Amino acid sequence: MKKRFVSTLLCAAMAASLVTGCGSGTASGGGNTQAAADTGSKKEVVIWDYFETDAQKAMMTTLLDGFNASQDEFVASHVYVPFSDYEKQLTLGIASGELPDLVILDGCSMASFISLGLFGDISDADIKWDEYIAGPMESTMADGRHYGIPFATNCTALFYNKDMFDAAGLAYPDENTTWDDFHEMAKALTKDGVTGFGNAATNTDEGTFQCLQWLYTAGGSYTDIKGGTEAYELMQEMISDGSWTKEVVNWTQSDVNNNFIAGNLAMQQNGPWQIPGIAKDAPDLNYGVTVLPKKDAASGQATSILGGENMGVVAKDDTAGAVAFLKYYDQTDVMVEAMKQYGSFPPKTEAAKDAYWTEDPVQAEFITQLETSIPRGPSASWPSYSSAIQKGFQEALTMAKTPEQVAEDTQAAVDAVK
């Protein structure tokens, strides 16, 4: 099982053409807050992140405390920036010069910010580059040079409430579940204030991360929108009969999980980073996880979208503190413990062998889903692609246009991206 896991991740990453593992974007709302640090005579290392869940915040506290106790030269602190404002704040920071030392960001966003000059070349740093899974590592690079390291890798899958399925007399979804099966399940479970299914379709890249897999599973891609028109058709059919909640256009991934925990959703699309929160807030919730539904019986396993974050070193005259933090996280035991708290998979091959992921039945379903997971992009113009694609999903899910018109207009917007 351990060998299969590493092989799975490597295959998923290589199939992604050695490119990005993109972030899960779990943060929304709120203002900037900074963890206080008593710098004394030590040099300060400031990190920006958009982590929102209690588990993610606890993970950052553990990492910062561990790094600060491990040496006497630097002291690290972090600043929370809402996910919806993150790229805007980075762009403003480039113009003003008011930037942190390290940035944790969506893997798929890193290429565009490397091209904008945000990150510095750290290829000479004493980092074990070749010990990382190839795809996520490639997303931190440009022209063969290194600008940071991968922080986490993941994907989404299908969570389902076993008690609700049992009460309805329905078999649980599994790897053979088709779109038609999934739709019928969702309809049967939509009653008494419960909606069959929900995901995050907010009008940001977080929504693209969750919605894009439906387009790929239908036969399209981020450049071939028309090939995935049936995804829009499925969405509108389910929105029309109430089995896919129309509220998703306003929901982040945290919102979706909160509704699943509260019993408002029978099924949700979400990622492994939600597992620690479910264990903490709803320890008695009887749920399962399986791969996302495939289009039809003749189709192979449905795709999912690779998620995850990178840590990029901001271009400054002195990057020693930022590199020191990367080297601390580069330690296998540090990475394993951080990813256990975070609820994601380690991007380093040796760390990914840990039994915590390979021998747990729920985590194993995400391992299976990773086999057909693909990145957003790759493209330095990904923000423009994402904006066009997510506008299309918003139009489909709000019934603003027919599926055919959504596909036509989104294809035109995608074709216009340079």
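Numbering (mature numbering (1 follows the signal peptide of the UniProt record, and there is no 0)) for the sequence shown: -27 to -1, 1 to 391.
All residues carry an ideal CB built from backbone N, CA and C; glycine is no exception.
Bear in mind that the values here come from a model prediction, so they are computed numbers and not experimental data.
Around the beta-carbon of D291, fewer than 16 other beta-carbon atoms lie within 10 Å, marking it exposed. In the structure shown, the three-state DSSP call for A353 is coil.
In the structure shown, I278 falls within a strand segment according to DSSP collapsed to helix, strand and coil.
With respect to G261, N127 sits apart: the two C-beta atoms are not nearer than 7 angstroms.
The Cβ-Cβ distance between Q363 and T151 does not fall below 7 angstroms. The criterion of a C-beta distance shorter than 7 angstroms is satisfied by A84 and A353. Here the C-alpha atom of G142 lies approximately 43 angstroms from the C-alpha atom of E323.
T263 and G316 have their C-alpha atoms spaced approximately 16 angstroms apart.
DSSP places M372 outside both helix and strand once states are collapsed to three, so it counts as coil. By the Cβ test, the region 94 to 106 is not in contact with the region 328 to 345, since fewer than three Cβ pairs between them sit closer than 8 angstroms. Contact between the region 79 to 96 and the region 218 to 231 is absent: fewer than 3 CB-CB pairs across the two stretches fall below 8 angstroms.
Of all alpha-carbon atoms in E71, S112, E310 and S69, the one lying nearest the alpha-carbon of S88 is that of S112. Taking the Cβ atoms as the reference, F40 lies roughly 6 angstroms from F298, within the contact range of under 8 angstroms. With contacts defined as CB atoms closer than 7 angstroms, L188 and G201 qualify as a contacting pair.
Per the coordinates, the alpha-carbon of A130 lies some 22 angstroms from the alpha-carbon of S82.
In this structure, DSSP gives E46 a state outside helix and strand, which the three-state scheme calls coil. In this structure, DSSP gives A98 a state outside helix and strand, which the three-state scheme calls coil. For T263, there is no enclosing alpha helix (DSSP H); the enclosing beta strand (DSSP E) has its first and last residue at Y260 to T263. In the DSSP annotation of this structure, the continuous segment of the alpha helix (DSSP H) that includes F155 starts and ends at W152 to L162. Put simply, the region 152 to 169 does not touch the region 325 to 333. Fewer than three CB pairs are less than 8 angstroms apart. Straight across, the Cα-Cα distance linking F233 with T26 is about 15 angstroms. Rounded to the nearest whole angstrom, the CA to CA distance from D147 to A125 is 26 angstroms. The alpha-carbon of Y358 is positioned some 16 angstroms away from that of E368. Across the structure, V287 and K15 are spaced so that their CA atoms are roughly 19 angstroms apart.
Setting aside the 5 residues that flank it on each side, V390 is surrounded in the same chain by S354, S357 and Y358, each with a C-beta closer than 6 angstroms to its C-beta; the list follows chain order. For the pair G250 and A31, the CB atoms are not nearer than the 7 angstroms cut-off. In the DSSP assignment, A295 falls within the unbroken alpha helix (DSSP H) covering A293 to Y302.
When the Cα atoms are used, A311 and N134 turn out to be separated by approximately 28 angstroms.
If you look at W21, you'll find it in the beta strand (DSSP E) that goes K16 to D22.
In its chain, beyond the 5 residues on either side, T168 and G171 have a beta carbon closer than 6 angstroms to the beta carbon of T218. In the displayed model, V379 falls within a helix according to three-state DSSP. Going by C-alpha positions, F366 is about 12 angstroms away from L207. Within the same chain, Cβ atoms closer than 7 angstroms to the Cβ of Q62 are found at V54, the five residues on either side in sequence being excluded.
Close CB contacts of H119 within its chain, under the 8 angstroms cut and outside five residues either way in sequence, are with D94, I95, S96, A98, I100, W102 and T113 (chain order). In the DSSP secondary-structure assignment, N283 is bridged to L78 and P123.
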